[in-house]
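Residues -19 to -1, 1 to 191, numbered by mature numbering (1 follows the signal peptide of the UniProt record, and there is no 0), are exactly what the sequence shown covers, in order. Even glycine gets a Cβ: it sits at the ideal position worked out from N, Cα and C. I have placed the structure first, in the form of structure tokens, so that the comments after it can refer back to it.
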Amino acid sequence: MKSSLIAAVIAASSIATFAGIVAAKDEAAKDALPPGSVSHAEGLEAWKRIEAVVTHPRCANCHVDAKAIPIWTPAGETKPRVHGMNIHGGESRIGAEAIRCSTCHMTSTQANDPAPEPPRAGIDWQLAPVDFIWFGKSGAEICAQLKDPKRNGGRDAVGLLNHLRHDASLSGFIPRGWEPGAGRTTPPGTFEDHVKDMALWGAAGQPCPN
Ligand code: HEC
Ligand code: HEC
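Below, the structure written as structure tokens:
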């Protein structure tokens, strides 16, 4: 009785997750612009705005290299420094080897508390995969990497839009970059502006600065 109830609950929640993914994909399909409908110059303009977002501490602090040390830019500071308390993401990128990130960064869809409380998200807090390094890279390097399916999780331009919508449907890390908790700076524009810029950049053929 009990186990079949649990099974039914698990089945229902995986259907809900699946429905969420389908809804996010539908939305991303609406965001996408016809390939070639945006000029190279407009695409480069959009990239400049994207670059300002992805190099911002709210994004880059998690997109770090294989040393797996998350970065802090505490409220009132502009210079990045390594995460306090000797925190290490490990190979797992979730801190499983030492202290899990989610010990302090709660998995919750509730709004972030003001700095210096640890930010949270609707998915388990973790570093981005090693391939997706942004911290310390130039805009041109990030651009080349972000459009390379071998280094971006196998995503084409629409796949990147899917990722933004899917992450938002889970109250994930990306929309929360613009709602990081009072006292923390936010990337320029809004989450919706960022989606539009990614659509423009994609339709222009993902041009990169030299
Ligand atoms: C808490 C850490 C964290 C923060 C903060 C974060 N990300 Fe990520 N990011 C991840 C993880 C983990 C993945 C891998 C998810 C996947 O591939 O399904 C990822 C993947 C991505 C991807 C997929 C493709 C690629 O090449 O990276 C994009 C795009 C992205 N993040 C954008 C952003 C943006 C924009 C921000 C800031 C507004 C941001 N992220 C902030 C952890 C983070
Ligand atoms: C012992 C508690 C604790 C653990 C464990 C922890 N963090 Fe943090 N983290 C914090 C606190 C507190 C802050 C906020 C610091 C501030 O803003 O002054 C923070 C902030 C951050 C930031 C900066 C967010 C931003 O927007 O600038 C990142 C990135 C981060 N943590 C990643 C991680 C990752 C990845 C892990 C796991 C490998 C982890 N943290 C484990 C307490 C913790």
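| Check | Outcome |
| --- | --- |
| By the DSSP assignment, the alpha helix (DSSP H) with Cys124 in it spans what residues? | 120 to 127 |
| Is the beta carbon of Thr84 within less than 7 angstroms of some heavy atom of ligand 2? | yes |
| Would you call the segment 141 to 157 and the segment 46 to 62 in contact, with 3 or more CB pairs under 8 angstroms? | no |
| Do the segment 172 to 181 and the segment 37 to 48 make contact, defined as three or more Cβ pairs closer than 8 angstroms? | no |
| Check Ala49 in the structure and name its three-state DSSP category. | coil |
| Would you list the residues sitting across from Thr171 in a DSSP beta bridge? | None; Thr171 has no bridge partner. |
| Can we count Val176 as close to ligand 1, meaning its CB is less than 7 angstroms from some heavy atom? | no |
| From Asn133 to Cys124, what distance separates their C-alpha atoms? | 11 angstroms |
| For Leu108, collect the residues of the same chain with a Cβ closer than 7 angstroms to its Cβ; drop the 5 residues on either side in sequence, then sort them by chain order. | Cys43, Val45, Ala49, Pro51, Gly70, Arg74 |
| With respect to 7 angstroms, is the separation between the Cβ of residue 218 and the closest non-hydrogen atom of ligand 1 below this value? | Since the displayed the chain opens at -19 and closes at 191, residue 218 lies outside it and no answer follows. |
| At what residues does the alpha helix (DSSP H) containing Ile31 begin and finish? | 21 to 35 |
| Ligand 3 and Leu141: does the residue's C-beta get closer than 7 angstroms to at least one heavy atom of that ligand? | This structure simply doesn't include ligand 3; it includes ligand 1 and ligand 2 instead. |
| Just to confirm, is the Cβ distance from Lys11 to Asn143 under 8 angstroms? | no |
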